[in-house]
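Chains as they are written, first to last, in our numbering: chain U, 9 to 338; chain Y, 9 to 338.
Idealized CB from N, CA, C, for every residue including glycine.
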DNA sequence: TCCCTTCCGGACAGGATGTGTCCGGAAGTC
DNA sequence: GACTTCCGGACACATCCTGTCCGGAAGGGA
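Here it is, written out as structure tokens:
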């Protein structure tokens, strides 16, 4: 009697899943009987489901049994209209290429979430996810999703975080920081953290972080100088001092300068009332600073420039070339 | 080399179902690669699913592939690690201010979604959604979520769509279109549609669309000249002719120009081999075109310019001002 | 407190069955 | 007609699934 006619395991697991969904609570013996297997095999099947992350709860004792705890029969994911739209738009825009290889994951997540949505919302989500597409940033370096996940986990656990960082000069170095926030801006992810080595706040580009590893030591969260991490990041990026720095004053209100330029510049623009505004520009490459200056000057307003010779020489040189370009008028 | 390390079959079948659900059509090779098995095993898996009554359709030939025809009675599929990360990042970045008032909705959706996750992933999602923040685009106009939803619904139902549109010159007009795709690019949403009035393809900024209303009439979807809507949009935006247009040739490879500029310009950059590259610039404001030219010239390479007098006069004027700026050296 | 019921999981033996590597065939597209 | 795709048979091999033991832990009722 030691026949062990092997039944179809995958199908049985699916049947078990559907049984667990269909009723609140089952005893092991019942399930085993329905599936036509021994109780021992049933227990094995249950642990298989658990290994696949299905939350099957077992209660011992005389009133015991199995139940699927967060299946979908209790809460069928009660999103309202706006929330469903947010999910669809969020998962579509997440596939914009800023995080490496996330496109497939978000497509799969969208399809799965659609399943657990109340029937009324399902078509809306489907329509949006069919219709909407994100243009992938071609130029921004991608972040590995794991890097972001590790950083976030570290922050939650208040654990110090070690990683290798390639700075702007492409020099690698080991860092040890207290992660504070992850901020995304125009397709890039930044980590705002307290650098224990420098004893100061630093921002790191997430795509330049390698081998992030949680340390054992813990830390007590500090307060950022500016409470809002997003505001802090924009201020830091604007105010950062790079290799070359220049100052301009322009006879235009600060708002007009911001609105008139074809893209945001790396720099602080400060309103000075009737005089116009003062601008501080900084970049690692002299070419970039000159680009900023040229673009601002192209707005047409009167300006003054205060810059080191490497910059101002290039600006004058650029001026000469623009004055007499090999032009053919059309 | 006849190692046959046996993988986890039930889990693989669930993954296969989730893949089939997430995309319209898959080739056998793709699926096999994702699942980490040979094509033969994939075929076996497909027939296993078919034996379990899942309607997997196979199409032979060079345009062939597998598809799940009507996935209704699917088992409850759980999100895996990458999908949970995608959800968190997607909903965080959705709050970047491009869609009006979506911040609260995505936060609430995130909180509710956490409930249906496998317990193992719940902390990860919570950690990421706590840690991550999006900088809100201050400058881009916001779209009302309803506008996007109505457009998507229209597209799904193949209904004509009427709306009022304010064009670049701020002139309002009624349009009647066949919606084809919604594309997001750097915080803006665009509608690609066939304009029945103009009898041609048009792209519309979603934030300038008002009173979108589905018409009663239906339409048969057309094929976009470029199959990929995202590629089509970037091409249209780059190639669009605005009020002022200028042409430059620069003695630099196209890639060097793109990488050297501090931001993407509105224009087509075409590689010309040894000569460098040809650039076509276009904008509604002469100031903008001059900005582009100045920024490109600031790269330092030799260039020629071909532009209407309004532009070239301004360029020379800019050149003069840059040559003798009221500079004080530091 | 004891007893009973339930879930839990280790050990073991034997064989069914999932796997990769072959292969030829049919269907559809260029 | 050449090519690409899906389809499925045959085979060898080892993996792993199965039923049958078994002892243990947890909970409820007398």
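### Query
Using a C-beta cutoff of 8 Å, does residue 300 of chain Y count as contacting chain U?
yes
### Query
Under the rule that 16 or more other beta-carbon atoms within 10 Å means buried, what is residue 16 of chain U, buried or exposed?
exposed
### Query
Where does the unbroken alpha helix (DSSP H) through residue 75 of chain U begin, and where does it stop?
According to the DSSP assignment, residue 75 of chain U belongs to no alpha helix (DSSP H) but to the beta strand (DSSP E) extending over 73 to 76.
### Query
Do you know whose CA, among Y/330, Y/173 and Y/128, lies nearest residue 314 of chain U's CA?
Y/330
### Query
Expressed to the nearest angstrom, what Euclidean distance is found between the alpha-carbon atoms of residue 39 of chain Y and residue 24 of chain Y?
8 Å
### Task
Kindly say whether residue 258 of chain U, judged by its beta-carbon, lies nearer than 8 Å to any beta-carbon of chain Y.
no
### Query
To which residues of the same chain is residue 142 of chain U closer than 7 Å at the C-beta, ignoring the five residues directly before and after it?
Excluding sequence neighbours, residue 142 of chain U sits near 100, 101, 103 and 104.
### Query
At a cut of 8 Å, does the segment 161 to 179 of chain U reach the segment 203 to 223 of chain U through at least three beta carbon pairs?
Enough Cβ pairs lie closer than 8 Å, so yes.
### Message
With a threshold of 8 Å between beta-carbons, can residue 102 of chain U be considered close to chain Y, or not?
### Response
yes
### Message
Based on DSSP bridge pairs, tell me the residues matched to residue 191 of chain U.
### Response
U/198 and Y/141
### Task
Go to residue 211 of chain U, then tell me how far its beta strand (DSSP E) extends in each direction, as first and last residue.
208 to 213
### Query
Distance, Cα to Cα, residue 140 of chain U vs residue 98 of chain Y?
14 Å
### Message
I'd like to know if residue 69 of chain U contacts chain Y, where contact means its C-beta is closer than 8 Å to some C-beta of that chain.
### Response
no
### Query
Taking just the CA atoms, how far does residue 259 of chain U sit from residue 124 of chain Y?
Distance between the alpha carbons of residue 124 of chain Y and residue 259 of chain U is about 57 Å.
### Query
Between the beta-carbon of residue 43 of chain U and the beta-carbon of residue 62 of chain U, is there less than 8 Å?
no
### Query
At least one CB of chain U closer than 8 Å to the CB of residue 287 of chain Y: is that the case?
No - not a single Cβ of chain U is within 8 Å of the one on residue 287 of chain Y.
### Query
Taking 8 Å as the CB-CB cut-off, is residue 90 of chain U touching chain Y?
yes
### Task
Would you please state the rounded distance, in angstroms, between the beta carbons of residue 199 of chain U and residue 214 of chain U? I believe it to be under 8 Å.
6 Å
### Message
Would you say residue 217 of chain U lies against chain Y (beta-carbon separation less than 8 Å)?
### Response
no
### Query
residue 308 of chain Y to residue 317 of chain U, Cα distance in whole Å?
16 Å
### Message
residue 233 of chain U and residue 90 of chain Y - do their beta-carbons sit closer together than 8 Å?
### Response
no
### Entirely enclosed beta strand (DSSP E) segments - the segment 214 to 242 of chain Y, minimum 3 residues
217 to 226
### Query
Closest Cβ-Cβ distance between residue 270 of chain Y and chain U: below 8 Å?
yes
### Message
Can you tell me which residues form a DSSP beta bridge with residue 252 of chain Y?
### Response
Y/291
### Task
Please name the residue, chosen from U/72, U/206 and U/310, that lies closest to residue 261 of chain U on a Cα-to-Cα basis.
The option with the nearest alpha carbon to residue 261 of chain U is U/310.
### Task
Using the Cα positions of residue 129 of chain U and residue 245 of chain Y, report the straight-line distance between them to the nearest angstrom.
Cα to Cα, the separation comes out at about 33 Å.
### Task
At 3 residues or longer, and completely inside the segment 85 to 121 of chain Y: list those beta strand (DSSP E) runs for me, N to C.
none
### Task
With 9 Å as the limit, tell me which residues of the segment 160 to 175 of chain U have their beta carbon closer than that to any beta carbon of chain Y; keep them in chain order.
160, 161, 162, 163, 164 and 165
### Query
Apart from the five residues just before and just after residue 319 of chain Y, which ones in its own chain have a Cβ nearer than 7 Å to its Cβ?
252, 254, 294, 297 and 298
### Query
Exposed or buried, which one is residue 70 of chain Y when buried takes at least 16 other CB atoms within 10 Å?
Exposed, because fewer than 16 other Cβ atoms sit within 10 Å of the Cβ of residue 70 of chain Y.
### Query
So is residue 277 of chain U in contact with chain Y if we call contact Cβ pairs under 8 Å?
No, its Cβ sits nowhere closer than 8 Å to a Cβ of chain Y.
### Task
Assign residue 324 of chain U to one of three DSSP states: helix, strand, or coil.
helix
### Task
Can you give me the start and stop residues for the alpha helix (DSSP H) that residue 159 of chain Y sits inside?
153 to 165
### Message
Against chain U, with Cβ distances strictly below 8 Å, would residue 213 of chain Y count as a contact?
### Response
False, the Cβ-Cβ gap to chain U never drops below 8 Å.
### Query
List, in order along the chain, the chain Y residues whose C-beta lies closer than 7 Å to that of residue 189 of chain U?
139 and 141
### Query
Cβ of residue 243 of chain U less than 8 Å from any chain Y Cβ?
no
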